[in-house]
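Input: a single structure, listed below in structure tokens.
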Amino acid sequence: MQAEELEEAFEEEAIQPLGRPAPRDLPPSILLSAGYDGRAEKAFLRLYEPSSQQIYIWYDNTGHLPYCISKRSPEELRRNEKLLSHQGFLTLEPIERYDALRDEKIRVTKIVASNPLAIGGQGKSGIRNLIDESWESYIRYYQNYIYDMGLIPGMPYRVEDGKLVEVEYELPEDVKERLSLLVEDEEAEFREQILEWARLLQHPVPHIRRASIDIEVQMTQADRVPNPEEALQPIIAVSSVSSEGLRRVFLLAEEGMEEDIIEGAEVEIFHDEKDLIQEAFRLLDEYPVILTFNGDDFDLRYLRRRGQRLGFSQDEIPITLGRKFAYLRNGVHIDLYRFFLNRAIQVYAFSDRYRENTLDDVASSLIGKRKLQLDFSTSSRMEVARYCLQDALITYELTAFDDDLVMKLMVLLSRISRMTLEDVTRQGVSRWILTLMEYEHRRRGWLIPNKEDILALKGETATKAIIKGRKYLGAMVKEPKAGIHFDVTVLDFASLYPSAIKNWNLSYETILCPHPEDRANIIPGTPHWACRRRRGLTSLIIGSLRDLRVKWYKPLSRDRRLSKEERVFYDVVQRALKVILNASYGVFGAETFSFYCPPLAESTAAIGRYAMTQTLEASEKLGIEVIYGDTDSIFLEQPREEQILELMEWSRKNLGVELDIDKVYRYVVFSRRKKNYVGVSQDGSVDIKGLTGKKRHIPPIIKEAFLQLTRILSGIRRPEDVEGAKEAIRELVERVYNRLRNREFELEELAFRVMLGRSLSSYETNPQHVKAAKMLQEQGISLGVGDIISYVVTQGGVKPVRLASKRDVDVEKYIEYLESMFEQVLEAFEMDLDQIIGRPRMKTLQSFFQR
DNA sequence: AGCTTTGGCGACGAGT
DNA sequence: ACTCGTCGCCAA
Numbered sequence: 003m004q005a006e007e008l009e010e011a012f013e014e015e016a017i018q019p020l021g022r023p024a025p026r027d028l029p030p031s032i033l034l035s036a037g038y039d040g041r042a043e044k045a046f047l048r049l050y051e052p053s054s055q056q057i058y059i060w061y062d063n064t065g066h067l068p069y070c071i072s073k074r075s076p077e078e079l080r081r082n083e084k085l086l087s088h089q090g091f092l093t094l095e096p097i098e099r100y101d102a103l104r105d106e107k108i109r110v111t112k113i114v115a116s117n118p119l120a121i122g123g124q125g126k127s128g129i130r131n132l133i134d135e136s137w138e139s140y141i142r143y144y145q146n147y148i149y150d151m152g153l154i155p156g157m158p159y160r161v162e163d164g165k166l167v168e169v170e171y172e173l174p175e176d177v178k179e180r181l182s183l184l185v186e187d188e189e190a191e192f193r194e195q196i197l198e199w200a201r202l203l204q205h206p207v208p209h210i211r212r213a214s215i216d217i218e219v220q221m222t223q224a225d226r227v228p229n230p231e232e233a234l235q236p237i238i239a240v241s242s243v244s245s246e247g248l249r250r251v252f253l254l255a256e257e258g259m260e261e262d263i264i265e266g267a268e269v270e271i272f273h274d275e276k277d278l279i280q281e282a283f284r285l286l287d288e289y290p291v292i293l294t295f296n297g298d299d300f301d302l303r304y305l306r307r308r309g310q311r312l313g314f315s316q317d318e319i320p321i322t323l324g325r326k327f328a329y330l331r332n333g334v335h336i337d338l339y340r341f342f343l344n345r346a347i348q349v350y351a352f353s354d355r356y357r358e359n360t361l362d363d364v365a366s367s368l369i370g371k372r373k374l375q376l377d378f379s380t381s382s383r384m385e386v387a388r389y390c391l392q393d394a395l396i397t398y399e400l401t402a403f404d405d406d407l408v409m410k411l412m413v414l415l416s417r418i419s420r421m422t423l424e425d426v427t428r429q430g431v432s433r434w435i436l437t438l439m440e441y442e443h444r445r446r447g448w449l450i451p452n453k454e455d456i457l458a459l460k461g462e463t464a465t466k467a468i469i470k471g472r473k474y475l476g477a478m479v480k481e482p483k484a485g486i487h488f489d490v491t492v493l494d495f496a497s498l499y500p501s502a503i504k505n506w507n508l509s510y511e512t513i514l515c516p517h518p519e520d521r522a523n524i525i526p527g528t529p530h531w532a533c534r535r536r537r538g539l540t541s542l543i544i545g546s547l548r549d550l551r552v553k554w555y556k557p558l559s560r561d562r563r564l565s566k567e568e569r570v571f572y573d574v575v576q577r578a579l580k581v582i583l584n585a586s587y588g589v590f591g592a593e594t595f596s597f598y599c600p601p602l603a604e605s606t607a608a609i610g611r612y613a614m615t616q617t618l619e620a621s622e623k624l625g626i627e628v629i630y631g632d633t634d635s636i637f638l639e640q641p642r643e644e645q646i647l648e649l650m651e652w653s654r655k656n657l658g659v660e661l662d663i664d665k666v667y668r669y670v671v672f673s674r675r676k677k678n679y680v681g682v683s684q685d686g687s688v689d690i691k692g693l694t695g696k697k698r699h700i701p702p703i704i705k706e707a708f709l710q711l712t713r714i715l716s717g718i719r720r721p722e723d724v725e726g727a728k729e730a731i732r733e734l735v736e737r738v739y740n741r742l743r744n745r746e747f748e749l750e751e752l753a754f755r756v757m758l759g760r761s762l763s764s765y766e767t768n769p770q771h772v773k774a775a776k777m778l779q780e781q782g783i784s785l786g787v788g789d790i791i792s793y794v795v796t797q798g799g800v801k802p803v804r805l806a807s808k809r810d811v812d813v814e815k816y817i818e819y820l821e822s823m824f825e826q827v828l829e830a831f832e833m834d835l836d837q838i839i840g841r842p843r844m845k846t847l848q849s850f851f852q853r
């Protein structure tokens with residue numbers, strides 16, 4: 003390994019921090035992130051001081067050096083020539099560690115590097131590949147350094163005598179008392195863990211000074227996105243909106259440009275692009291946090307490359323680029339595109355309110371604001387300025403709405419996962435949980451096991467999945483009772499899988515543990531057993547988080563006695579916990595997860611099925627009719643109040659899980675299909691689950707008709723409403739038929755929009771969207787995974803929307819789609835489309851003769 | 001490059 | 001005409 007290679011591997015971390023050095027008496031400041039200063043060869047921390055709203059830099063003076071751990075003895079390792087010749091590594095230190103997997107203490111070797119660069123990635127440049135069977139190795143020196151120091155990102159610290167000290171946040175006595183009361187039945191370890199979490203979560207999140215930034219680049223062709231690596235086109239506008247209310251546009255002057263003002267914003271005109279960029283760089287240095295929407299891939303990348311092209315020196319450009327990310331030398335760059343792209347955030351924090359990951363879609367769904375429309379080929383420079391400012395504005399507001407909800411959410415996630423803001427906003431849930439687990443291992447002085455070790459000891463799964471290609475048997479779905487049902491109450495288990503993990507002591511080390519006396523403690527529905535002697539780490543962590551969410555944060559977020567601000571904050575905490583908890587089971591079944599443990603995931607799901615079947619039985623005994631159930635929810639038809647209460651009590655007592663009322667429906671309509679129903683609540687709001695008409699890829703014209711259909715149906719309150727509804731449906735169908743037959747539509751309205759799930763060449767079959775994609779490719783349009791293909795169905799095939807015309811459309815085919823979708827719904831209502839629209843049914847002989 | 005899981009549905013393509 | 005597998009999307 004050559005020194006240059008090492009340097010190269012670390013290029014992205016080798017940045018020069020800018021913020022002012024932390025004074026001896028730095029007031030409480032929030033740990034935002036860490037970096038590695040290549041010149042000083044030192045790790046540093048970025049601290050945000052809320053009263054001055056400044057970033058301070060704290061250099062490490064502890065002489066802390068990176069290390070990794072090997073199972074082999076020092077003697078054995080000394081025989082490894084490659085290892086000895088490895089640049090920068092020095093001492094081999096025999097130590098003892100607890101191996102949770104085998105429940106024993108063992109001797110290992112700690113390999114300490116003298117050069118901070120020496121223990122790097124896990125690839126070629128890492129020391130890991132020189133030692134077989136290593137257990138812990140560093141992915142990024144500075145990052146792990148945070149964990150090793152026992153520091154928690156997002157928490158407040160003070161500098162004292164050149165040392166970093168966490169600012170004690172004592173929970174108020176009454177809070178402590180109430181919390182302890184909630185978990186008084188639990189063992190000491192569990193109670194302590196709860197208090198530890200509460201300390202992290204209760205500590206208020208300070209307001210963080212920040213600004214968004216967005217750039218516009220001169221376009222050559224209207225539909226080509228400029229390449230940020232080349233940065234050939236000039237930057238014509240840079241906009242920024244800050245938390246102090248500043249709205250600025252830096253605009254490059256154009257010949258004959260008419261200068262104008264933008265209400266509420268400062269517009270600064272530049273005649274030299276270099277000056278403009280200079281000003282943008284100054285802005286980036288100015289703020290503790292910079293927000294972008296896709297800044298990793300575009301805005302900051304383009305700014306840096308363009309800056310280089312125009313002759314700025316390395317030191318003048320405040321942006322460092324990794325292969326995938328863009329960082330700043332002073333503050334923290336948060337790319338909101340990446341954050342909102344995260345499925346867990348999308349689904350659990352924002353209940354799937356936005357569907358596509360564009361700024362326009364996310365913003366319009368969350369804050370009700372949209373991008374401006376702009377045609378770049380004809381627009382004036384001032385129009386570009388307005389457009390650019392609007393983007394910066396909504397980017398900022400995405401973090402500011404609901405009292406800085408998103409900012410707080412990110413800081414809380416950073417505390418829970420023990421990751422820096424930069425990392426937690428860019429990486430997925432499996433990384434969050436991994437980092438948290440690693441932290442807890444290090445805190446206890448435990449060895450971090452290798453994936454292979456876990457797999458070798460715990461093995462694979464024992465059950466057979468229903469669906470081919472899956473690894474184990476999952477959740478249970480009860481056959482729905484078809485038809486319409488009035489007064490339906492839906493109960494669901496509070497965090498079913500996390501509860502299973504908690505109550506059955508599931509963890510990678512406690513499942514199939516080595517103790518013979520635990521073998522009788524069988525998980526129902528599996529041949530696996532779980533330990534009774536020690537509390538499992540996963541069970542402890544997930545279990546305590548679960549209890550906090552269910553027993554503390556969720557109730558508080560709805561407690562009317564609290565102020566609105568308090569409730570909102572508790573709601574954010576509650577949501578952050580939800581995001582982590584919901585992913586906590588799945589990761590153990592993911593091969594890519596470092597604590598991959600198939601029997602653990604399998605057991606969790608098995609306990610879920612057990613809870614469901616037991617509850618169905620109990621309901622029957624109580625005389626409640628259960629008309630449907632899926633995974634963790636059951637639908638009860640006209641249950642009496644005391645029946646519900648009894649069932650809830652039964653669940654708490656016998657399963658140790660709270661059963662909550664999730665929904666009360668005026669009526670629910672089931673077809674015979676699972677995961678398909680329409681529920682209408684007391685207030686008339688409609689829940690539609692699984693029905694085709696709702697799916698993302700369905701053409702808008704059909705989706706729209708579907709929406710209107712559900713509106714008509716939700717209006718049905720009494721039996722006598724039915725005739726009117728049928729008439730309305732008939733009119734609706736007629737309208738759409740006519741539009742189709744007369745071709746009174748825009749092509750876009752008929753477009754199926756299907757995502758390319760893999761690369762074009764790797765498809766085994768030739769589905770419609772792939773056919774369309776191939777046609778696009780022939781036109782020289784490059785397509786990749788994740789791209790959405792818009793196509794219409796034509797006579798004898800499909801065509802991409804942009805290559806098709808109205809004449810091509812196979813109208814009859816669309817009528818078929820429409821009918822099949824309508825029938826799916828109407829069938830459940832025991833209505834018949836043919837009958838409603840007065841068309842004889844041709845499908846049976848009987849109807850043929852009746853004609 | 002990034003990747004939590006299994007169950008279930010409709011539509012289509014490919015083979016018999 | 002029928003079955004079976006693939007694909008994408010959704011429920012939980």
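Residue numbers (the working numbering): 3 to 853.
Every residue, glycine too, gets a C-beta built ideally from N, C-alpha and C.
Being a predicted model, the structure only gives us computed values, none of them experimental.
Query	Result
8 angstroms Cβ shell around Leu368 - same chain, five flanking residues per side excluded	Phe352, Arg355, Tyr356, Leu400, Phe403
Pair within 8 angstroms by beta-carbon distance, Arg420 and Tyr398	no
Cβ separation of Pro701 and Phe754, assumed to be a contact under 8 angstroms, to the nearest whole Å	6 angstroms
In chain order, each beta strand (DSSP E) run of at least 3 residues that lies wholly inside the stretch 11-55	31-39, 44-51
Bridge partners - Asp662, DSSP secondary structure assignment	Asp494
Ala328 - containing beta strand (DSSP E), residue span	328-330
Spatially closest choice to Ser501 from Tyr612, Gln280, Lys460, by CA coordinates	Tyr612
Three CB pairs or more closer than 8 angstroms across the stretch 470-478 and the stretch 591-611	yes
The alpha helix (DSSP H) enclosing Lys801, as first and last residue numbers	Here Lys801 belongs to no alpha helix (DSSP H); instead the beta strand (DSSP E) covers 799-802.
Contact under 8 angstroms by Cβ, Arg1 with Ile264	The structure shown does not extend to residue 1, since the chain is modelled only from 3 through 853, so no value can be given for it.
Gly799 versus Gln770: straight-line alpha-carbon distance, rounded	8 angstroms
Simplified DSSP state of Leu253, which is helix, strand or coil	strand
Cβ-based burial, Leu183 [other Cβ within 10 Å; buried from 16]	exposed
Same chain only: Cβ atoms within 8 angstroms of Ile629, ignoring 5 sequence neighbours per side	Pro482, Lys483, His487, Val490, Phe637, Leu638, Glu639, Val670, Phe672
Euclidean distance between Cα positions of His205 and Leu278	41 angstroms
For His487: DSSP bridge partner residues	Val670
In DSSP terms, what Gly631 is bridged to	Lys480, Ile636
Cβ-based burial, Leu391 [other Cβ within 10 Å; buried from 16]	buried
Anticipated Cβ contact below 8 angstroms, Asp664 with Val492, distance rounded	5 angstroms
Reference Lys326, options Ser315, Leu302, Tyr572, Gly313, closest by Cα	Leu302
Ile690 and Leu711 closer than 8 angstroms at C-beta	no
8 angstroms Cβ cutoff met for Val334 and Glu246	no
Contact belief for Tyr329 with Asn296 at Cβ below 8 angstroms, rounded distance in angstroms	The pair is not a contact, with the Cβ atoms about 15 angstroms apart (cut-off 8 angstroms).
Three-pair Cβ contact test at 8 angstroms for the stretch 457-471 versus the stretch 609-624	no
Closest residue to Ser2 among Ser31, Pro68, Glu43 (Cα-Cα distance)	Here the chain has residues from 3 to 853 only, and residue 2 is not among them.
Residues sharing a beta bridge with Glu581, DSSP	Per the sequence shown, residue 581 should be read as Val rather than Glu. For Val581, which the question treats as bridged, DSSP gives no partner whatsoever.
Cut-off 6 angstroms between Cβ atoms - residues of its own chain near Phe46, not counting five sequence neighbours on either side	Pro19, Gly37, Asp39, Ile59, Tyr61
Coarse secondary structure for Trp531, derived from DSSP in three states	strand
One or two residues paired with Phe272 in a DSSP bridge	Leu254
CB of Ser586 within 8 angstroms of CB of Ile544, strictly	yes
CB of Ile718 within 8 angstroms of CB of Ala727, strictly	yes
From Tyr69, Ala830, Glu766, residue whose alpha carbon lies closest to that of Leu674	It is worth fixing the name first, because residue 674 is Arg in this sequence and not Leu. If we check each option's Cα against that of Arg674, Ala830 comes out closest.
Cys70 (DSSP reduced to helix, strand or coil)	strand
6 angstroms Cβ shell around Ser244 - same chain, five flanking residues per side excluded	Ala213
Three-way DSSP call (helix, strand, coil) for Leu61 in this model	Per the sequence shown, the amino acid found at residue 61 is Tyr instead of Leu. It is a strand residue.
Assumed close pair Tyr149, Gly447 - CB separation to whole angstroms, cut-off 8 angstroms	Not confirmed; about 13 angstroms, so no contact.
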